[in-house]
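Participant: Got a structure for you, written out below as structure tokens; questions coming shortly.
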Amino acid sequence: MPITIATTTTTSTTRIDLCREFLAKLVLEVFGAGGAVWGFSDVCGFRTEAVESLRFWRRLALAIAAVFGARWFLQFKRAWMNLNLDLAVHCRNNQLHASNEKDNENEKKDNSFREMCMLPITGIQCRINNSNKEDSFLTVEDESSDESTALSSFPLSPTMY
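Reading the sequence shown from the start, the letters are residues 6 to 166 in the numbering used here.
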């Protein structure tokens, strides 16, 4: 039963996070779009004291807010459906993983070679210690270069103009 408790907690947490995200989008995008039209008409002086002017700009602001509201609703619906699908897949994978762990506990195998093969290869370091002066031309002294000098030494570099 611990898997179901963890999944339920995760499910409620992710749904709350989704609602928080989309409530912020509702305020910023939907109400912001309507408020932007209303404020723009006031700042530019398009809105006058006449009742017809106020009604026109109010209806225009509401229409734009409605368009953004419909867009917000479709995005929220799509995100909610994707979240439910992801959670269902995640829950199913947890159940399969739990049943596989029980099967693996019964079958203990020696995986030392497999684990060794999965180690990352970090590189091979070679160092030549040369004490002969005759062979000193074979070794190259360490060079240091940073990106700024490499870029600025290029003939077509933008820093050259």
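For glycine and all other residues, C-beta sits at the position ideal for the given N, C-alpha and C.
With G44 as the anchor, note down where its alpha helix (DSSP H) starts and where it stops.
Facilitator: G37 to V48 is the extent of the alpha helix (DSSP H) around G44.
Participant: Using 8 Å for Cβ pairs, my map puts F27 next to F81. What's the rounded Cβ distance?
Facilitator: That pair is a contact at about 5 Å.
Participant: Okay, do the region 85-102 and the region 52-64 touch, 3+ Cβ pairs below 8 Å being the bar?
Facilitator: Contact between the region 85-102 and the region 52-64 is absent, because fewer than three Cβ pairs lie under 8 Å.
Participant: Indicate the three-state DSSP secondary structure (helix, strand or coil) for T53 in the structure shown.
Facilitator: Three-state DSSP puts T53 in coil, outside helix and strand.
Participant: Under the assumption that R25 contacts L88 (Cβ atoms under 8 Å), give the Cβ distance between them as a whole number of angstroms.
Facilitator: Wrong, their Cβ atoms sit about 13 Å apart, outside the cutoff.
Participant: Quick check on S58: buried or exposed, where buried means 16 or more other Cβ atoms within 10 Å of its Cβ?
Facilitator: S58 is exposed by the Cβ-count criterion.
Participant: For G39, tell me which candidate among L92, V94, A84 and A70 has the shortest Cα-Cα distance.
Facilitator: Measuring from the Cα of G39, the nearest candidate turns out to be A70.
Participant: Considering only the alpha carbon of each residue, which of F36, L23 and T18 lies closest to A75?
Facilitator: Comparing Cα positions, the closest option is F36.
Participant: If W85 and L23 are in contact, beta carbons under 8 Å, what's the gap, nearest whole angstrom?
Facilitator: Going by Cβ atoms, the distance from W85 to L23 rounds to 7 Å, so yes, they are a contact pair.
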